[in-house]
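Chemist: Could you have a look at this structure, given as structure tokens, before my questions?
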Amino acid sequence: MPMHLYSYFRSSAAFRVRIALELKGIEYLIVPVNLLAGEQRNAAYKARNPQGFVPALETPEGKLITQSGAIIEWLEATQPGPALLPADEAGRARIRAICGIVACDIHPLNNLRVLQYLEQELGHDKSTRDRWYHHWLAEGFAALETLLPDTQFCAGEAPGMAEAFVVPQVVNAQRLRFDMTPFARTLGLFERCMEHAAFVRAHPDSQPDKT
-5 MPMHLYSYFR SSAAFRVRIA LELKGIEYLI VPVNLLAGEQ RNAAYKARNP QGFVPALETP
55 EGKLITQSGA IIEWLEATQP GPALLPADEA GRARIRAICG IVACDIHPLN NLRVLQYLEQ
115 ELGHDKSTRD RWYHHWLAEG FAALETLLPD TQFCAGEAPG MAEAFVVPQV VNAQRLRFDM
175 TPFARTLGLF ERCMEHAAFV RAHPDSQPDK T
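Read in our numbering, the sequence shown has 186 at position 192, and its numbers run on one by one without any break.
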């Protein structure tokens, strides 16, 4: 039996997990959760994930794992090949730092529920919302530029966990017309990844729930 991934095609967190599953060659089925329609707040979904977020990964044994970082770390521990993290501890810490910039410093300030709160609860217009979004993207991508190595991928010759975090953030930035030109290392890494079939299959445009 395949794993089931509760996902929304445009969610960057779900995109991370799709990339990891594709890189590891793990069979999985998408269970769409439409965030714009509020399906993540339905009682049936919240019974599975009380936080009401995507992604959530359900194993064939019925175990449910939430939070993209935790899911990917679990996949790395239980499905070790191909590895998404380097073997040495210093290298693993460096990759986790790159992932942390995306997951802790960029994404939480720019996800759907924050942007909706800015507009619907605080009364900011779209222009102000977009300035907020672009400001935190610029801060985060500037930090990423200092950590990305000169190698083809972050841990050497093959993409892994770092790329699973960076690529979805770049896709979101491009969708909201953020200029990536000043961030040449990040953009170059993104372009190399998008030549890889796993990233194409995991991309929002390839998802069954794309609208």
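For glycine and all other residues, C-beta sits at the position ideal for the given N, C-alpha and C.
Have a look at the DSSP bridge pairing and note the partners of alanine 191.
Modeler: Here residue 191 is taken as the residue at index 197 of the sequence shown, counted from 1. Alanine 191 is not bridged to any residue.
Chemist: Note down the Cα distance separating arginine 88 from leucine 17, rounded to an integer number of angstroms.
Modeler: On the sequence shown, position 94 is the one that residue 88 refers to. On the sequence shown, position 23 is the one that residue 17 refers to. Cα to Cα, the separation comes out at about 20 Å.
Chemist: Out of His128, Ala64, Thr122, state which residue places its alpha-carbon closest to the alpha-carbon of methionine 155.
Modeler: Locating residue 155 in the sequence shown gives position 161, where the first residue counts as 1. Selected option, being the one with the closest Cα: Ala64.
Chemist: By the three-class DSSP mapping on this structure, what secondary structure does leucine 206 have?
Modeler: Past the boundaries of the shown model lies residue 206; the chain is included only from -5 to 205, so the question cannot be answered.
Chemist: Give me, in chain order, the residues of the same chain whose beta-carbon lies closer than 6 Å to that of glutamine 34; leave out the 5 immediate sequence neighbours on both sides.
Modeler: Translated into the one-based positions of the sequence shown, residue 34 becomes position 40. Here the set comprises Val27, Gly46.
Chemist: Is the beta carbon of glutamate 67 sitting closer than 8 Å to the one on leucine 58?
Modeler: Walking along the sequence shown from the start, residue 67 turns up at place 73. Walking along the sequence shown from the start, residue 58 turns up at place 64. Result no, Cβ atoms of glutamate 67 and leucine 58 do not sit closer than 8 Å.
Chemist: Return the chain-ordered list of same chain residues with a C-beta closer than 7 Å to the C-beta of isoleucine 100, the five sequence neighbours on each side being excluded.
Modeler: Against the sequence shown, residue 100 aligns to sequence position 106. The answer, listed in chain order, is Trp130, Leu131, Gly134, Gln163.
Chemist: I'd like the list of long-range same chain contacts for serine 1, defined as Cβ closer than 6 Å, with 5 residues on each side in sequence excluded.
Modeler: As a first step, residue 1 must be located in the sequence shown, where it is residue number 7. Ala8, Ile24, Val48, Pro49.
Chemist: Check whether the Cβ atoms of glutamate 13 and valine 161 lie closer than 8 Å to each other.
Modeler: By 1-based counting over the sequence shown, the position of residue 13 is 19. By 1-based counting over the sequence shown, the position of residue 161 is 167. The question names glutamate, but residue 13 in the sequence shown is isoleucine. For isoleucine 13 and valine 161, yes; Cβs fall inside 8 Å.
Chemist: So is valine 96 buried or exposed if we call it buried at 16+ other beta carbons inside 10 Å?
Modeler: For the purposes of this step, residue 96 is taken as the residue at position 102 of the sequence shown. Valine 96 is buried by the Cβ-count criterion.
Chemist: Along the chain, where does the beta strand (DSSP E) that runs through histidine -2 open and close?
Modeler: Sequence index remark: in the sequence shown, residue -2 carries index 4 (1-based). Counting along the chain, the beta strand (DSSP E) containing histidine -2 begins and ends at -3 to 1.
Chemist: Kindly indicate the opening and closing residues of the beta strand (DSSP E) around alanine 50.
Modeler: Counting from one through the sequence shown, the residue named residue 50 turns up at place 56. Residues 50 to 52.
Chemist: Which same chain residues, not among the five before or five after proline -4, have their C-beta less than 6 Å away from its C-beta?
Modeler: For the purposes of this step, residue -4 is taken as the residue at position 2 of the sequence shown. Cβ neighbours of proline -4 beyond the five flanking positions: Glu21, Tyr22, Leu23.
Chemist: Mark arginine 123 as exposed unless 16 or more other C-beta atoms lie within 10 angstroms of its C-beta, in which case mark it buried.
Modeler: Translated into positions along the sequence shown, residue 123 becomes position 129. Buried, since its Cβ has 16 or more Cβ neighbours within 10 Å.
Chemist: To which residues of the same chain is alanine 196 closer than 7 Å at the C-beta, ignoring the five residues directly before and after it?
Modeler: Taking the sequence shown and counting its residues from 1, the one referred to as residue 196 is at position 202. Taken in chain order, the residues that qualify are Phe9, Arg12, Ile13, Glu16.
Chemist: Run through the DSSP bridge pairs and tell me what glycine 150 is partnered with.
Modeler: For this step, residue 150 is matched to residue 156 along the sequence shown. According to DSSP, which records beta bridges pairwise, glycine 150 is partnered with Phe147.
Chemist: Anyone know if the C-beta pair for glutamine 168 and phenylalanine 3 falls short of 8 Å?
Modeler: Along the sequence shown, one-based indexing puts residue 168 at 174. Along the sequence shown, one-based indexing puts residue 3 at 9. No, these two residues do not count as a Cβ contact at 8 Å.
Chemist: Here's a check: name, in chain order, each residue in its chain whose Cβ is nearer than 8 Å to the Cβ of leucine 29, leaving out the five neighbours to either side.
Modeler: Sequence index remark: in the sequence shown, residue 29 carries index 35 (1-based). Taken in chain order, the residues that qualify are Tyr2, Arg4, Ser5, Val48, Leu106.
Chemist: The ligand MN heavy atoms versus the CB of histidine 129: any closer than 7 Å?
Modeler: Judged by which ligands are present, the structure shown has none, so any question about the ligand MN falls away.
Chemist: For alanine 192, count neighbouring C-beta atoms within 10 Å of its own C-beta (all shown protein chains included) and say buried if the count is 16 or more, exposed if not.
Modeler: Locating residue 192 in the sequence shown gives position 198, where the first residue counts as 1. Classification of alanine 192: buried, given that the 10 Å Cβ count is 16 or more.
Chemist: Between Asp173, Gln61, Arg42, which lies nearest to histidine 128 when the distance is taken from Cα to Cα?
Modeler: Indexing the sequence shown from 1 puts residue 128 at position 134. Ranking Asp173, Gln61, Arg42 by Cα distance to histidine 128 puts Asp173 first.
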